[in-house]
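Structure, as structure tokens:
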Amino acid sequence: MTDVPLAADVRRSRTGFIWVGVVAPSALLALAAAVVLAWMPELPDPIATHWGTGGVDGFLPRAAFLPALLGICGGVLLFDAILAVVSPRMPQSSTKPPVRAWSATSKLLGAMNLGLGAGFALLLVSSAGIQRGLADATDAPGIGGWAALAMLAMVVFAVVGWFVQPKSPDYGPVVAAQAESLPLAGTERAAWFGTASMARTGVVVLLVALGLLVLMTVFWIARGADGWQVLVATTLLIAILTVTMLVFRVRIDRRGLLVRSLIGWPRTRIPLDDIDDVATATIDPLREFGGWGWRIAVDGRRGVVLRAGEALQVTRAKGRVFVVTVDGAAEAAAVLQTLRLGSKDDRS
Amino acid sequence: MLVRIDADSATAIFDQVAASVRADILSGRLGPGDRLPAAREVADALDINVHTVLHAYQQLRDEGLVDLRRGRGAVISRGAAPLAELADDVRALVARAAALGVSPTTLASLVKENAP
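As you go down the protein sequences, you meet chains A and B in turn.
If you read the first sequence in numbering that gives the first Met the number 0, its first letter stands for residue 0, the second for the next number, and so on.
If you read the second sequence in numbering that gives the first Met the number 0, its first letter stands for residue 0, the second for the next number, and so on.
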């Protein structure tokens, strides 16, 4: 992969992100950790880490308190940061260079990181603070007030984090090119087959997220805390959803467009007479669709977005736009356009 | 992968399906390791018999362009790679023949007769 230099505005956005989304939350967490460390001798062992409706219901050995909480928060911060920094380096496909862009989604990740860092730091200090001097953690008072305050801090810092970062570069409207059509004799039939598969970065992001979730689930079960069944069900559901998103088959024939996951679901079928317009578009998953998979964009477009770059874009009769990032999108668009116009002629 | 068939053509349907695959290999749109759609899918999309598509795939296998494996379907073989390299030569030869008034059929038999 050749390394194209980043544009000045992208570099400025990235610097802003690193300060707001990485340095600032890390500093807040470090500060909280330092305070808790200073209180360590006064804290009960085991220490309360979870409050339910009836008071304290979760404990950890005192020594594990800081590493566990910092680990959880640090992991999320790191994941967001990697996602934001790596996404502008994504190759569009095997033949095209990466898109050098910085998206509002990355900016949002930075803001969320700051909010998360602030909220977590406050929770860390307050949950330790209310247990100072206690011999037994079961005597710890309720944490409701502090939790609400931490939530508020999370929102306020996230909002501040959003506005402190520089404005994301403007990329202008979506580029869509009208489909050409194919010379097809009256007695000829045509069908087109293609595959849309997840970009490697997308696969890594999904697998890392899934891995974190599995770790969390295992941790939860090992602690024997209530409600682990819900977590296991959620993890399984997300694992299944992840698998359905990896490869889609695209088929264009006399009936229209069929986009189907390798395991059969989800599937989208658009009949020829429900198609108003066929085009190819260049797509940036994180900026326009907020990620990879079966997606709905801010501008209302929806579809299968598995990598950056060329995509088949179909506008349906009711104005709804469907996209699929399939290799050979231009040819696919031409075939679909030809079949659509052909079937229209037959009816008139 | 684009498949085109013409029911009114003198060429057999299976030959036309095979020709579509060959054209995609020649243009570089299909390369070694790429998987062809399942015969059932192609048959359904074009409203032709599954055995016709399987016949086409078997012919491509006999030409060494496709590997047919149970459970994996039809995959473009490594032997197909040189085809894309020949693309320009073939195009030039066909254009030259057309300019001289030699029909594609005649050209094809000339090529066949020249084979060692």
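All C-beta atoms in this analysis are idealised placements derived from N, C-alpha and C, irrespective of residue type, glycine included.
Close to A:Glu330, with beta-carbon spacing below 7 Å, are these residues of chain B in chain order: Leu1.
The C-beta of B:Leu45 comes closer than 9 Å to at least one C-beta of chain A.
Neighbourhood of B:Ala11 in chain A, by CB distance below 8 Å: empty, with the nearest CB roughly 15 Å away.
Under the Cβ criterion of 9 Å, B:Glu84 is not counted among the residues facing chain A. In the displayed model, B:Asp14 falls within a helix according to three-state DSSP. When only Cα atoms are considered, A:Trp293 and B:Asn113 end up about 54 Å apart. CA-CA distance, A:Ile251 to A:Val217, rounds to 44 Å. At least 9 Å separates the CB of B:Pro103 from every CB of chain A. The beta carbon of B:Asp33 is closer than 6 Å to those of Ile75 in its chain, skipping five residues each way along the sequence. Here the alpha carbons of A:Val204 and A:Val304 stand approximately 14 Å from one another. Against chain A, a Cβ distance below 8 Å from B:Val65 picks out nothing, because the smallest value is about 15 Å. In the structure shown, A:Pro270 falls within a strand segment according to DSSP collapsed to helix, strand and coil.
Listed along chain A is no residue with a C-beta nearer than 7 Å to that of B:Pro31; the closest approach is about 14 Å. Judged by their CB atoms, A:Leu335 and A:Leu256 are nearer to each other than the 9 Å cut-off. Distance from the CA atom of A:Asp135 to the CA atom of A:Phe119, rounded to whole angstroms, is 24 Å. In the three-state DSSP reduction, A:Ala26 falls in the helix class (H, G or I). In the three-state reduction of the DSSP assignment, A:Val249 falls in the strand class, which pools E and B. Straight-line spacing of the CA atoms in A:Ala296 and A:Met153 works out to 26 Å. Taken atom to atom, the span from the alpha-carbon of A:Leu285 to that of A:Leu68 is near 29 Å. By the Cβ rule, the stretch 76-87 of chain B counts as touching the stretch 19-35 of chain B, because three or more pairs are nearer than 8 Å. Taking a C-beta distance under 9 Å as the contact criterion, A:Ala195 and A:Phe247 qualify as a contact pair. Straight across, the Cα-Cα distance linking A:Ala83 with A:Leu77 is about 10 Å.
Cβ atoms of A:Ile269 and A:Phe321 come within 8 Å of each other, at about 6 Å. In the structure shown, the three-state DSSP call for B:Leu64 is coil. Think of a sphere of 7 Å around the beta carbon of B:Asp14: no beta carbon from chain A falls inside it, the nearest being about 15 Å out. Of the residues assessed, A:Ile46 falls on the buried side of the cut-off, its CB having 16 or more other CB atoms within 10 angstroms.
When Cβ pairs closer than 8 Å are counted between the two stretches, the stretch 18-33 of chain A is seen to touch the stretch 110-130 of chain A, the count reaching three or more. The contact set of B:Arg28 on chain A, defined by CB atoms closer than 9 Å, consists of Asp326, Gly327, Glu330 in chain order.
Measuring C-alpha to C-alpha distances from A:Val249 to each of A:Leu240, A:Ala238, A:Gly263 identifies A:Gly263 as the nearest. One alpha carbon belongs to A:Gly318, the other to A:Lys106, and they sit about 30 Å apart. In the three-state reduction of the DSSP assignment, A:Leu256 falls in the strand class, which pools E and B. Taking C-beta separations shorter than 8 Å and ignoring five residues to either side along the sequence, the partners of B:Ser19 in its chain run Met0, Leu1, Val2, Arg3, Ile4, following chain order.
Apart from sequence neighbours up to five positions away, the residues of its chain that approach A:Gly15 with a beta-carbon distance below 6 Å are Gln164, Pro165, ordered along the chain. At a beta-carbon threshold of 8 Å, none of the residues of chain A lie near B:Val110; the nearest stands roughly 26 Å away.
A:Leu311 sits in a strand when the DSSP states are folded into three classes. In the same chain as A:Glu287, and ignoring 5 residues on each side of it, the C-beta atoms closer than 6 Å to its own belong to Ala296, in chain order.
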